[in-house]
Amino acid sequence: MKKGINNILKGTFLINEDAPKSWRMILFVSVLAIVMIASSHSADKKVHQIAQLNNEAKELRSAFVDGRTRLMELKKETVVELKMEKKGLAISEIPPTKIKVKSKK
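According to numbering that gives the first Met the number 0, the sequence shown is numbered sequentially starting from 0.
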């Protein structure tokens, strides 16, 4: 057991007759480790992007609600009437009447 550990620490398993087999395994494990690290970084990047998009969606939803509230306020008859008074227009005292046109056939 002690001899096997010493061989691993000294690296003699890399230069003996079974070295190509060991090198292939080391290369395979190294490639797997690189793929795993790249996948982890990609997942972290996507998590940050999702968080950023969620924050942006919340801000846009808030702006939408604010705009809708201002629109509802501006659509009120009293607000329109006040703005028109400032321009010199007033509400008519005479109600509108329908005009019917009869065609001659």
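We put the beta carbon where it would ideally sit given N, CA and C, even for glycine.
Please read these numbers as outputs of a predicted model, since none were measured by experiment.
DSSP-derived helix/strand/coil call for G66: In the sequence shown, residue 66 corresponds to position 67, counting from 1. Correct three-state label for G66: helix.
Runs of alpha helix (DSSP H) wholly within the segment 13-80 (minimum 4 residues, chain order): 18-73
Through-space distance from F27 to K20, alpha-carbon basis: Stepping through the sequence shown from its first residue, residue 20 is reached at position 21. Stepping through the sequence shown from its first residue, residue 27 is reached at position 28. Cα to Cα, K20 sits roughly 11 Å from F27.
Expected contact under 8 Å - CB spacing of I93 and E80 to nearest Å: Translated into positions along the sequence shown, residue 93 becomes position 94. Translated into positions along the sequence shown, residue 80 becomes position 81. Rounded, the Cβ-Cβ distance is 17 Å, inconsistent with contact.
How long is the line joining the alpha carbons of I25 and H40, rounded to whole angstroms? Sequence index remark: in the sequence shown, residue 25 carries index 26 (1-based). Sequence index remark: in the sequence shown, residue 40 carries index 41 (1-based). Distance between the alpha carbons of I25 and H40 is about 23 Å.
C-alpha distance - L8 paired with Q48, whole-angstrom precision: For the purposes of this step, residue 8 is taken as residue 9 along the sequence shown, with counting starting at 1. For the purposes of this step, residue 48 is taken as residue 49 along the sequence shown, with counting starting at 1. The alpha-carbon atoms of L8 and Q48 are separated by roughly 43 Å.
Could you tell me the alpha carbon to alpha carbon distance between I4 and V46, rounded to whole angstroms? Working through the sequence shown from its first residue, we reach residue 4 at position 5. Working through the sequence shown from its first residue, we reach residue 46 at position 47. Approximately 42 Å, taken between the alpha carbons.
Contacting residues, own chain, Cβ-Cβ under 7 Å from R60 (five flanking each side not counted): Sequence index remark: in the sequence shown, residue 60 carries index 61 (1-based). The answer is none, since no qualifying residue turns up.
Determine whether the beta carbon atoms of V78 and E72 lie at a separation below 8 Å. Sequence index remark: in the sequence shown, residue 78 carries index 79 (1-based). Sequence index remark: in the sequence shown, residue 72 carries index 73 (1-based). Yes, they are a contact pair.
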